[in-house]
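First the structure, in the form of structure tokens, and then the observations on it.
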Amino acid sequence: MARLLLVSVFVIATCGLVYELIAGTLASYLLGDSVTQFSTVIGCYLFAMGIGSWLTRYVTRNLLGFFISVEILVGLIGGASAAVLFVLFEHVYSFRLLLYFIVTLIGILVGFELPLLLQILKDRLEFKDLVSKVFSFDYIGALFASILFPMVLVPHLGLVRSGFLFGILNTLVALVVLYAIREEIPASRMHKLSAVVTLIALCMGFVWSEKITTLSETSTYQGNIIYARSSPYQRIVLTKQAQDLRLYLNGNLQFSSQDEYRYHEALVHPVMSAVASPRRVLIIGGGDGLALREVLKYPAVESVVLVDLDPAMTELFSGNEMLLALNQRSLLSPKLTIHNRDAFLWLKELQAKSDRPRFDAIIIDLPDPSNFSVGKLYSVTFFRLLHTVMENNSIAVVQSTSPLVARKSFWCVNKTLEAAGFCTAPYHAYVPSFGEWGYVIASRQPYRRPERYPEGLRYVSVETANEMFHFPADMARVETKIQHLDNQALIHYFDDEWSKYLIY
Amino acid sequence: MTLTRRNFIIGSAATLCVAGLVEALGHFGQPKAVPGTIPGASSAVGHKLRAQSFPAPSREVECEVAIVGGGIAGLAAGYHLHRAGLRDFRILELEQQPGGNSMSGRNEVSAYPWGAHYVPLLTEEATEARRLFEEFGVITGYDEAGRPRYNEYYLCADPHERLYRYGRWQDGLIPALGVGAEEEAQYKRFFAFMESLKNRKGRDGKRLFAIPLDESSQDREWLALDNLTMTEWMSREGYSSPNLHWYVNYCCRDDFGTTSAETSAWAGVHYFASRNGVAANADAGNVITWPEGNGWLSGKLAEPIGDKITTGALVYAVTDQGDRVTVDYWEPKSQRSTRVNCRAVVVATPHFVASRIIRSKTWSFPAEGFSYAPWAVANITLSKLPAGKGAPLSWDNVAMNSKLLGYVVATHQLTEMKPLKTVLTCYWPLTHRTPAEARAEALRRSPEEWRRIFLDELLKLHPELDGQVERVDTWLWGHAMIRPARGFLWGEARKAAREQCPPIFTAHSDLSGISLFEEACTHGVRAAQNVLAHLGIA
Ligand SMILES: Cc1cc2nc3c(=O)[nH]c(=O)nc-3n(C[C@H](O)[C@H](O)[C@H](O)COP(=O)(O)OP(=O)(O)OC[C@H]3O[C@@H](n4cnc5c(N)ncnc54)[C@H](O)[C@@H]3O)c2cc1C
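In structure tokens, the structure reads:
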């Protein structure tokens, strides 16, 4: 009996720590800023445990029955916590309130566990023995959990499923104790019934955890959604599957961490390496900081201005450790100034100023021209504004959708840049998660390909560039209209061409 | 048990009832009453003209020229006097700001029109409007073919128009959904015919249908259309398609505030056949517009002459005294009357006002035959942009089964990618009753009633906007626009009204019988030229 209870100390200790880790991880996934999230979740949890321990003084009778109730409840609440938080993330008024409420609830219940067990066991073991055994099992459990969590649970089971698994273990402790113990526990039938029901519910949760996570997002994303938020401007969703981290804006894939380096190297280096001394750089869009990461590979860069409409994007990518690892903390660079502004308005305002800055390189990394709103930023009027912040030898580049899938769209961007008074140099790169992707360079002087690129690039090189600037027959130039504000030909091309391409 | 989102959420909510409560609190906020005002027009002040019981002028001022009315015609007259170097003139305007039917408002979200909101690409005859457009930078140059190049920021941005029917939005305003082959054929015939008229000339070598209207051919054969209504003409020509009839009726209500059953066929055909403007950099059908609508134009006109405009001044008498003209006005604010002694006057008010206030021994200005359409215009401020199934939010959004014409999006012309808030201007020509009845009914309705009417119509189209409406402001135009009813355009009343009797000159779009920017500014500039000639200024 005593041994059984000691084993359960180990199990419940592991469970307790796992719930805490789940809550902390989930909070930093969903809310970003992992340091804050972890500190506050742990603090809240420990404090709640204190409350639980303190409350045990009021439990004087039927200790074992109470212990069993606590185990069932912890199993249910702790086990379902990850799923509940995920699903309700989008629906509750204040997610933080819900988060800390659940964390506190679990904390209080877990706080009951050890003092209760100590009391239960105090008549069966020597005090010295009791304390040393209980606490060492507790600490071993904690160590076990902390190793298990990052190495096995998160990568293989995911947060939701791990939650259910440990909920099941918690409930099993209650059931085993119920069956193994001879002494009379009042209402033992009721306990058994609720334990079994909880167990079944948790098992169902475990089996269907995949479905539960998709419940939280109607569109079907590959991989698990680890972050979803609707800013006033767009819906931002991050998914993760194995090592692959993906960003979706309004359901459209923006990058896959597996091959985004191809996209971003191809976007940035043909321009940056062609400018003799790229001191001042402007990035329009690109709130993920990935183009910026490439830009910062040039020591000549003195200042970068990044104009991205949505503060939610730049905050997410400068606050979340996982994303900071991906963009190599580029958004925290002291050379950077972020303007969360509409790029068109921002440029138009600059145009009116005589002391406006000029940029040596301009990188335009906007969402595809899939609607009339973004379409404005592909218009000849917008492109013409770029002149006002360029020098004679400045170079700009525009991400221009797929020349293979959306050939007219691509060449429409090219033609529009020409109409805005630029010499253009169109090129393309293969990015597996996107397909064949296109870019157009715009400059006042004819573009000359660089003879050198920075060290350590994985995709772009002088040799790849030969390939990139060559257009095979299936992507060769076609005649198109120009994209005007009052007649957005590009949007119609884009709609037409991508709707035919069902593979995507 | 199947695991559905609902079951799951209900289950979780039961376990976490407190969390559920928090959620509920967030969703069921108290519905707020939507605020709003009726800032104009100043009908109560205007109605004082009938009784003519004003205090005698308590002071007198002198100036070379007085202009009565600061609408487009009055402003264009003033602008032209200024252009010609004359500085000693004044514009007297009843409302608190100039602009007349081209007035605009502004709040934290956007500027918005209270009336006129666009100008089509200019016709070749609209020389005065063209000159203004060049001076204002609306036309920035010409291509080799002589086609004007319009400022891109002022060309109506894409997408232009959408139509709501059967629960979804379609592109363009001509009904497309559920239109059969026979109707389709009628559409084709109708629009091909109108297209063919665009550059067709009459026996006198002038275009059949021109803007300004008085530049049109006087070919009897075509003027005879004025004696039919548009509906009669359509039946005569074998157009029976209900959708086409709906569309033509929509156009007549939109431009004339009059149903196609009452509009002169000449006016109805003019709507389709007169606009032959082209641009170097835009499709022929496009229009020029601004967030504040034609308020942008009245603002530009007023810019150099702002110090000459007196607002809040009701002119009640313009008297030809033989050696001079006196203009008497009353200011509701100070309750005082003032007399302006001048050498010439431009009366740029609607004709029914002109006929009340002008006192001349040589000439009377009968108002018989002039009939006016009342309109209600609401500006609805939203904290969210309207959406809807089908075609995306456009500049002009029309619902087929609504009594309103639809709404124009004030923020549409902003280059901003995604404005988070907007103002919609909803237009309602009150054609459901006779003008007099509709006018009386409009003035009887309380501000709340007006808010309700516009809100209901909007929410019918956009249930998703419930709770997103910040305010609804309404403007009631009792005499919004002259109605080109059967026989009016080429009849005697308009002809008589156009006669000028120096030193009192008249200028108003009423004189054209159709209410358009090009007409108003043509009359304004012409009147100013007459004044200059009368005063002997080159
Ligand atoms: C709802 C609506 C929508 C319209 N939309 C368009 C459009 O999109 N495009 C277009 O081209 N046209 C449009 N119009 C037509 C519009 O009327 C003309 O474009 C133009 O503004 C007419 O100018 P106006 O100077 O001739 O007349 P008004 O605008 O009538 O000017 C007369 C002025 O005289 C003032 N006044 C009257 N009596 C007195 C008095 N006793 N003392 C002093 N001042 C007085 C009035 O306050 C007013 O300011 C629209 C009109 C309305 C009502």
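If you're matching them up, the sequences are chains A and B in order.
Residue numbering for the first sequence is 132 to 635, as defined by my numbering.
Residue numbering for the second sequence is 109 to 646, as defined by my numbering.
Heads up, the beta-carbon is just placed ideally off N, CA and C, and yes, glycines get one too.
Whole-Å CB distance - residue i paired with residue j, under 8 Å assumed
i: residue 183 of chain A; j: residue 140 of chain A; result: No, residue 183 of chain A and residue 140 of chain A are not in contact; Cβ-Cβ is about 15 Å, not under 8 Å.
i: residue 517 of chain A; j: residue 527 of chain A; result: 6 Å
i: residue 230 of chain B; j: residue 375 of chain B; result: Actually they are not in contact, since the Cβ atoms of residue 230 of chain B and residue 375 of chain B sit about 19 Å apart, beyond 8 Å.
i: residue 255 of chain B; j: residue 388 of chain B; result: 4 Å
i: residue 588 of chain B; j: residue 249 of chain B; result: Not really, about 36 Å apart at Cβ, beyond 8 Å.
i: residue 426 of chain B; j: residue 453 of chain B; result: 6 Å
i: residue 281 of chain B; j: residue 531 of chain B; result: About 21 Å; that fails the 8 Å criterion.
Closer than 9 Å to chain A by CB, residue i
i: residue 391 of chain B; result: yes
i: residue 261 of chain B; result: yes
i: residue 267 of chain B; result: yes
i: residue 147 of chain B; result: no
i: residue 394 of chain B; result: yes
i: residue 120 of chain B; result: Interpretation of residue 120 of chain B is limited by its pLDDT of 44, a score under 50 that renders its predicted location unreliable; no figure is taken from the coordinates.
i: residue 494 of chain B; result: no
Residue-level contact to chain B via CB, residue i, 9 Å cutoff
i: residue 133 of chain A; result: no
i: residue 628 of chain A; result: no
i: residue 316 of chain A; result: no
i: residue 518 of chain A; result: no
i: residue 470 of chain A; result: no
i: residue 617 of chain A; result: yes
i: residue 502 of chain A; result: yes
C-alpha gap between residue i and residue j, whole angstroms
i: residue 381 of chain A; j: residue 369 of chain A; result: 11 Å
i: residue 356 of chain A; j: residue 371 of chain A; result: 6 Å
i: residue 329 of chain B; j: residue 481 of chain B; result: 28 Å
i: residue 114 of chain B; j: residue 287 of chain A; result: The predicted position of residue 114 of chain B is uncertain, since its pLDDT is 49 and thus under 50; no value can be drawn from it.
i: residue 367 of chain A; j: residue 517 of chain B; result: 27 Å
i: residue 611 of chain B; j: residue 458 of chain B; result: 19 Å
i: residue 309 of chain A; j: residue 251 of chain A; result: 14 Å
i: residue 259 of chain B; j: residue 393 of chain B; result: 16 Å
i: residue 233 of chain B; j: residue 494 of chain B; result: 39 Å
i: residue 204 of chain B; j: residue 431 of chain B; result: 32 Å
i: residue 653 of chain B; j: residue 148 of chain B; result: With chain B represented from 109 up to 646, any question about residue 653 of chain B goes unanswered, as that position is not in the structure.
i: residue 294 of chain B; j: residue 420 of chain B; result: 51 Å
i: residue 520 of chain B; j: residue 343 of chain A; result: 40 Å
i: residue 450 of chain B; j: residue 172 of chain B; result: 5 Å
i: residue 246 of chain B; j: residue 262 of chain B; result: 7 Å
i: residue 131 of chain B; j: residue 225 of chain A; result: For residue 131 of chain B, the pLDDT reaches just 35, beneath the cut-off of 50, and the residue's location in the model is therefore unreliable, leaving the point undetermined.
i: residue 480 of chain A; j: residue 552 of chain A; result: 21 Å
i: residue 355 of chain B; j: residue 569 of chain A; result: 44 Å
i: residue 622 of chain A; j: residue 501 of chain A; result: 6 Å
i: residue 167 of chain B; j: residue 537 of chain B; result: 41 Å
i: residue 493 of chain A; j: residue 427 of chain A; result: 13 Å
9 Å Cβ cutoff, residue i in contact with chain E
i: residue 284 of chain B; result: Of the protein chains in the structure, A and B, none is chain E.
Closer than 8 Å: residue i CB and nearest ligand 1 heavy atom
i: residue 375 of chain B; result: no
i: residue 154 of chain B; result: yes
i: residue 226 of chain B; result: yes
i: residue 616 of chain B; result: yes
i: residue 453 of chain A; result: no
i: residue 626 of chain B; result: yes
i: residue 437 of chain B; result: yes
i: residue 468 of chain A; result: no
i: residue 457 of chain B; result: yes
i: residue 483 of chain B; result: yes
i: residue 219 of chain B; result: no
i: residue 210 of chain B; result: yes
i: residue 423 of chain B; result: yes
i: residue 157 of chain B; result: yes
Near ligand 2: residue i beta-carbon under 8 Å from a heavy atom
i: residue 515 of chain B; result: The model on display carries ligand 1 but not ligand 2.
Would you list, in sequence order, the uninterrupted beta strand (DSSP E) runs of no fewer than 3 residues that lie entirely inside the stretch 529-559 of chain A?
As far as the stretch 529-559 of chain A is concerned, it has no whole beta strand (DSSP E) run of at least 3 residues.
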